[in-house]
Each structure stands twice: as structure tokens, then as C-alpha cells.
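Below you'll find the structure, written out as C-alpha cells, and then a few comments.
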Amino acid sequence: MKILAIQLHQPGDTILTTPALRWWINAGCEVHVLAQPVSAQLLNTMPGLAGIYSMRRQTIQVARDFRRWRQLSKMDFDWAVAFSHCSERPSLWAYLSGAPKRTAVVLKKFPHLLRRTGWINEWRQHPAWAQHTVEQHLALAGARPGESVHYDLEYRPSDEARQWHSKWRKQKGLLWGEYIHFHLTSRLMEKCWPSEHARKFIQLSRQLSLPLVVTTGPELFERLYADDVLRGLNQDVISLTATDPHQLGALIEGARVFVGMDSMPMHLAAALNVPGLALFGPSDSRLWGPWHSRLKIIQAEGPFSEMESIAPSAVFQALEDCLERSTTLR
Numbered sequence: 000m001k002i003l004a005i006q007l008h009q010p011g012d013t014i015l016t017t018p019a020l021r022w023w024i025n026a027g028c029e030v031h032v033l034a035q036p037v038s039a040q041l042l043n044t045m046p047g048l049a050g051i052y053s054m055r056r057q058t059i060q061v062a063r064d065f066r067r068w069r070q071l072s073k074m075d076f077d078w079a080v081a082f083s084h085c086s087e088r089p090s091l092w093a094y095l096s097g098a099p100k101r102t103a104v105v106l107k108k109f110p111h112l113l114r115r116t117g118w119i120n121e122w123r124q125h126p127a128w129a130q131h132t133v134e135q136h137l138a139l140a141g142a143r144p145g146e147s148v149h150y151d152l153e154y155r156p157s158d159e160a161r162q163w164h165s166k167w168r169k170q171k172g173l174l175w176g177e178y179i180h181f182h183l184t185s186r187l188m189e190k191c192w193p194s195e196h197a198r199k200f201i202q203l204s205r206q207l208s209l210p211l212v213v214t215t216g217p218e219l220f221e222r223l224y225a226d227d228v229l230r231g232l233n234q235d236v237i238s239l240t241a242t243d244p245h246q247l248g249a250l251i252e253g254a255r256v257f258v259g260m261d262s263m264p265m266h267l268a269a270a271l272n273v274p275g276l277a278l279f280g281p282s283d284s285r286l287w288g289p290w291h292s293r294l295k296i297i298q299a300e301g302p303f304s305e306m307e308s309i310a311p312s313a314v315f316q317a318l319e320d321c322l323e324r325s326t327t328l329r
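Residue numbers (numbering that gives the first Met the number 0): 0 to 329.
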């Protein structure tokens with residue numbers, strides 16, 4: 000069977016889709032993926048995929064989209080599946096793929112008029128929304144209940160990124176597995192710690208014997224937030240903006256422990272089996288938490304709580320406990 004998997008949500012969602020992609024590959028399917036550019040980069044190192052095509056999530060370019068339609072429509076897909084929260088764009092591309100079977104999960108917020116277009120001709124109502132997103136993706140792919148225990152997240156940094164990381168470590172005087180990696184940000188500001196909390200945690204972390212590497216994403220609000228947090232602390236930490244996703248992956252892979260928010264880097268740490276801490280505020284860790292990982296979840300008090308309720312001292316204590324249990328061998 001020739002399948003087009005459509006995942007136009009955030010790169011972290013794409014990592015959560017990899018168990019379903021692997022389930023299809025193991026079943027002998029020819030699997031192609033349509034994803035955002037960063038997601039496509041991350042998937043480039045996943046063995047077994049037949050094709051990876053990138054498309055920006057919220058842009059329309061007539062010439063580019065026409066070329067993509069011509070390309071996909073000639074590939075004779077048997078099945079197109081829109082993962083995560085299906086909206087107008089993924090459902091349209093499922094239709095444009097030409098696949099006779101086009102599947103997505105039905106959501107109450109999906110407009111009823113669009114349901115009648117026929118872009119998606121198989122709407123599935125997931126029986127247990129309390130299940131983790133990975134389990135939902137596997138069910139959508141056709142896996143039987145219980146098979147999720149056999150499937151982990153998949154990701155590895157590119158060879159070029161690992162070479163970059165080796166040179167970068169030598170420049171900074173860092174050893175493999177002998178630094179703490181703290182990724183400050185998430186793509187949504189409400190998932191980030193208040194800047195004073197992040198600053199206090201960094202100050203507490205300087206009591207430890209390991210160097211602290213602090214990274215942030217490339218978006219303007221992330222860089223401004225990092226500037227605010229790190230003001231006056233630059234001599235105490237090694238900081239950099241992670242513009243290349245594989246270089247960020249290599250930094251995570253080489254860390255003793257990872258600390259981060261609900262974000263793509265947190266899911267990369269889970270996929271790379273790096274121990275550490277994952278901080279959750281407004282999002283539900285039961286649905287979006289690290290999958291089959293060595294990350295300890297610290298959830299804000301109560302459902303949909305603010306990140307402010309997670310105390311820096313509590314996270315620092317959890318970090319000390321994590322360091323005691325961790326080793327440089329993974």
C-alpha cells in the first residue's frame with residue numbers, strides 16, 4: 000500500500016507521528032510524508048521513508064502549490080492520512096493527493112460544511128481521547144490496541160550536525176555527556192516559564208559541577224525572552240540560538256541531562272533517550288508528554304495551570320535527583 004502521511008502541525012507533533020510511520024513501514028507499506036520544512040529536516044534521518052515533502056504551514060504560493068499538486072497527484076497513493084488536529088489545509092491536501100481513501104480524526108471544531116466537501120471521506124472518532132497522542136496516531140494508522148508498547152519515538156541528528164557538535168564542544172572545552180542542557184523556550188509563550196523563574200533556575204544550577212548550556216529557538220520572541228533571562232548571566236552559562244534543528248538535536252544527544260518545556264526539543268530528548276525534566280503548564284502531559292522516555296514530567300498544579308506555579312527550587316531539586324541517577328552511558 001502506498002500511503003501519504005500529512006502532518007502540517009508543529010515539528011514536535013511530527014516526532015510524535017514517527018511510531019505510526021514505523022508501524023506502516025514494518026507492515027510493508029510505502030510511506031511518504033508531507034510536513035513543515037523543519038519537520039521534513041528532522042525526518043530526513045529516519046530510515047525507511049520513501050519520500051519526504053516540505054510545505055510551510057500557513058502560506059499559499061500558487062506556483063509552488065501547483066507544482067506540489069502535480070507531483071503528488073501522479074504518485075498513485077492508495078491512502079492519505081491527516082494526522083493531529085485535521086483542519087482545512089491538511090484535508091485539502093489529502094484530497095489533492097488523489098488517494099481514493101482519505102482519513103482524519105473528526106473534531107467538533109472542524110466546520111460541518113467542510114466535512115461535506117468530501118476532501119476527507121473517512122472520518123474516525125477516536126474512542127479514548129484520554130490516550131496519549133502517539134496512541135491516537137497508531138490507532139489512526141490501523142495498529143491494534145496495545146501495540147503502542149512496542150514503538151518508540153524515532154529521531155537521530157544528521158552526521159553533519161554530529162560533526163559540528165564535536166567541533167563546537169572542543170571550542171567550548173566540553174566533554175560528551177558532561178554538561179546540562181536547558182532549552183528555555185517553546186513555540187508558544189504560555190508554555191514558557193516566567194523569565195524570573197528561568198533566571199532563578201539558572202542561578203541555582205550554577206551550584207552544580209557541570210557546565211550549563213542554554214539554548215533558545217530562532218523566533219524573535221524566543222530570542223528576546225532569552226536576552227531578558229540571560230542578562231548579566233552570560234559569564235555563568237554557555238548560550239546559543241538553535242537555528243538548525245539537527246544541531247539542536249546533537250546538543251541534546253550529547254548532554255548529561257536535558258531540561259525543557261513542552262516543546263519539540265523535549266520530544267527530541269525523549270527520542271534520543273536522554274534523561275532529564277519536562278515542564279508542563281497549560282498542556283496536558285497525559286496527551287503530549289514525553290513518550291517512552293527517561294524524562295521526568297513536572298506538571299503545573301491543576302489542569303491548564305500557569306507555568307508560574309512551577310517553582311525553580313523544585314525543578315532544581317528534581318535536577319539534582321536526576322543527575323544522581325544518570326550516567327554518561329546511554
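Where a beta carbon is used, it is the ideal one built from N, C-alpha and C, also for glycine. Bear in mind that the values here come from a model prediction, so they are computed numbers and not experimental data.
Check: Distance CB(L71)-CB(L95) smaller than 8 Å; Outcome: yes
Check: Proximity winner among A39, S238, V133 and C191, relative to F279 (alpha-carbon distances); Outcome: C191
Check: Buried versus exposed, by CB contacts within 10 Å (16 or more), D158; Outcome: exposed
Check: Where the beta strand (DSSP E) through K1 begins and ends; Outcome: K1 to Q6
Check: Residue environment, W290, which counts as buried when at least 16 other CB atoms sit within 10 Å; Outcome: buried
Check: At least three beta-carbon pairs within less than 8 Å, the region 35–45 to the region 5–14; Outcome: yes
Check: Residue-level contact to chain C via CB, V273, 8 Å cutoff; Outcome: In the structure shown, chain C cannot be found, because there is only a single protein chain.
Check: Status (buried if at least 16 other CB within 10 Å, exposed otherwise) for P46; Outcome: exposed
Check: R255, DSSP secondary structure in three states; Outcome: coil
Check: Within 8 Å, strictly: CB atoms of D75 and I2; Outcome: no
Check: Check whether M265 and L294 have beta carbons under 8 Å apart; Outcome: yes
Check: Short Cβ contact (8 Å threshold) for L183 with A197; Outcome: yes
Check: Nearest-angstrom beta carbon gap, S204 and L322 [assumed within contact, 8 Å]; Outcome: With 8 Å as the limit, L322 and S204 do not qualify as a contact, their Cβ atoms being about 10 Å apart.
Check: Short Cβ contact (8 Å threshold) for H136 with A19; Outcome: yes
Check: Those residues which DSSP pairs with F181 across a bridge; Outcome: V213 and V258
Check: Secondary structure of F279, DSSP reduced to three states; Outcome: strand
Check: Three-state secondary structure (DSSP) of R186; Outcome: coil
Check: G259 classed as buried or exposed, judged by whether at least 16 other C-beta atoms fall within 10 angstroms; Outcome: buried
Check: Sheet register partners of S340 (DSSP bridge); Outcome: Missing from the structure shown is residue 340; the chain here goes from 0 to 329 and no further.
Check: Identity of the residues DSSP links to T240 by a beta bridge; Outcome: T215
Check: Sequence-distant residues of its chain with Cβ nearer than 7 Å to S185 (five each side left out); Outcome: C191, M260, D261 and S262
Check: Short Cβ contact (8 Å threshold) for V236 with I251; Outcome: no
Check: Length of the line joining the Cα atoms of I309 and A270; Outcome: 25 Å
Check: Nearest neighbour of G27, chosen from D12, I14 and M0 [CA to CA]; Outcome: M0
Check: Runs of alpha helix (DSSP H) wholly within the region 134–186 (minimum 4 residues, chain order); Outcome: 158–171
Check: Contacts around Q40, its chain only, beta-carbon distance under 7 Å, and the 5 residues preceding and following it disregarded; Outcome: P244 and H245
Check: Contact set for L232: own chain, Cβ-Cβ below 8 Å, skip 5 residues either direction; Outcome: R198, I201 and Q202
Check: Residue interval of the alpha helix (DSSP H) (run including G11); Outcome: P10 to N25
Check: Expected contact under 8 Å - CB spacing of A140 and W22 to nearest Å; Outcome: 5 Å
Check: From L209, E195, L211 and V256, residue whose alpha carbon lies closest to that of D226; Outcome: E195
Check: Contact under 8 Å by Cβ, I296 with V314; Outcome: no
Check: Where E300 sits in the DSSP three-state scheme; Outcome: coil
Check: Cut-off 8 Å between Cβ atoms - residues of its own chain near S284, not counting five sequence neighbours on either side; Outcome: D261, A277, I296 and Q298
Check: Endpoints, beta strand (DSSP E) assigned at K100; Outcome: K100 to V104
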